[in-house]
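What follows is a short report on a single structure.
Residue numbers (UniProt numbering): 1 to 347.
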């Protein structure tokens with residue numbers, strides 16, 4: 001699909017994950033007054049794999065997501081993230097449109113090319129602001145996985161720090177999330193909800209948006225096309241025109257995933273995506289997560305359903321009272337005495 005990054009074949013769950021990390025969290029500590037929500041939490045997530053974070057209620061799982069996505073600012077610690085970036089290419093626009101000469105037009109009237117140039121000039125200031133807010137610049141920090149052949153995704157040679165950035169800046173770096181409590185725009189249609197996600201990474205700057213540019217119209221059409229692709233991907237194309245608030249609960253969960261995918265993440269955070277789901281919906285979710293990772297997107301998952309975790313996760317991190325008490329494969333953590341004690345209240 002056009003919206004997903006190109007990637008080599010990804011290992012199946014249970015196989016040895018790629019050695020290259022996409023996320024490395026070290027020493028994360030979060031406090032609210034005298035309450036410690038996360039205490040010296042460290043974890044490493046390998047690119048192309050599925051990492052599950054489990055633990056009893058109140059263990060700090062959602063607080064971890066909130067720190068990674070800019071909603072909370074931790075007391076200390078680091079979260080190094082290696083973004084994936086395709087230089088100069090967006091999935092909803094032609095990769096290489098030929099340059100056009102300005103067309104002759106009536107005196108005093110801007111032609112399309114001249115108007116495009118004016119809009120781009122107006123966007124220059126905004127673009128610099130985005131770079132300061134956390135956008136990747138083509139300043140030599142990315143490494144092309146095709147060894148400089150000019151195609152495919154590029155992965156940062158050096159990581160960027162996620163902590164301290166705004167949620168919008170984190171999203172533009174390629175980290176997207178869903179929420180434990182669904183946060184859709186209830187009055188908007190399913191299609192428009194996904195469009196909101198796609199537009200997070202769109203290159204229609206404020207300057208061009210104020211001008212009647214052909215490029216703006218083309219990009220807007222491409223955004224809608226991508227939103228349709230994503231609705232089809234999650235099985236909701238037939239509900240595109242329905243308000244999100246009127247969708248069944250399971251469909252709302254899938255819609256939230258589609259909206260997150262619209263931001264073109266290289267790392268997708270799913271906060272209890274199976275909560276309230278039927279048995280059939282859980283089976284569909286296992287398939288959907290497999291399809292997401294097959295498109296080169298790494299998944300960080302919070303989930304209570306251990307059968308689902310065992311079906312999709314390569315690695316499991318267990319939190320209890322804000323601390324990491326175990327890390328391993330699903331089978332290893334199920335047999336860990338500390339994990340058993342935490343869940344049974346004997347640890």
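We put the beta carbon where it would ideally sit given N, CA and C, even for glycine.
query: Apply the 10 Å Cβ neighbour rule to residue 163 and answer buried if 16 or more other Cβ atoms are within range, or exposed otherwise.; result: buried
query: Within the same chain, show all residues whose beta-carbon is closer than 7 Å to that of residue 265, passing over the 5 residues directly before and after it, in chain order.; result: 174, 175, 176 and 297
query: Looking at C-beta atoms only, is the number of pairs between the region 245-261 and the region 272-282 that lie closer than 8 Å three or more?; result: yes
query: Rounded to the nearest angstrom, what separates residue 190 and residue 242 at their Cα positions?; result: 6 Å
query: Taking the straight line between their C-alpha atoms, what separation do you get for residue 95 and residue 240?; result: Unreliable positioning characterises residue 95 in this predicted model, as indicated by a pLDDT of 34, which lies under 50. The coordinate reading is nonetheless provided below. Distance between the alpha carbons of residue 95 and residue 240 is about 28 Å.
query: Using CA atoms only, rank isn't needed, just tell me which of 20, 330 and 46 is closest to residue 305.; result: 330
query: For the putative contact between residue 54 and residue 303, defined by C-beta atoms under 8 Å, what is the C-beta separation to the nearest angstrom?; result: 7 Å
query: Report yes or no: is there a C-beta of chain B within less than 7 Å of the C-beta of residue 239?; result: Although the question refers to chain B, the structure presented lacks it and comprises just one protein chain.
query: For the alpha helix (DSSP H) containing residue 410, name the first residue and the last one.; result: Lying before the first or after the last residue shown, residue 410 is absent from the chain, which here runs from 1 to 347.
query: Nearest-angstrom Cα distance between residue 137 and residue 158?; result: For residue 137, the pLDDT reaches just 41, beneath the cut-off of 50, and the residue's location in the model is therefore unreliable, leaving the point undetermined.
query: Would you mind working out which of 332, 328, 319 and 327 sits nearest residue 342, comparing C-alpha positions?; result: 319
query: Name the DSSP beta bridge partners of residue 21, please?; result: 46
query: Would you kindly work out how many angstroms separate the C-alpha atoms of residue 223 and residue 171, rounded to a whole number?; result: 17 Å
query: Once you ignore the five residues that flank residue 274 on each side, which residues in its own chain have a CB closer than 7 Å to its CB?; result: 282, 285, 303, 305 and 308
query: May I ask you to report which of helix, strand or coil DSSP gives residue 335?; result: coil
query: In terms of residues, what are the limits of the alpha helix (DSSP H) holding residue 383?; result: Since the first and last residues shown for the chain are 1 and 347, residue 383 lies out of range.
query: Between residue 269 and residue 65, is the Cβ-Cβ spacing less than 7 Å?; result: yes
query: Taking residue 257 and residue 315 to be in contact with their CB atoms under 8 Å, please state how far apart those CB atoms are, rounded to whole angstroms.; result: Contact flag wrong, Cβ pair sits at about 21 Å.
query: What does DSSP give as the partner residue(s) for residue 301 in the beta ladder?; result: 52 and 270
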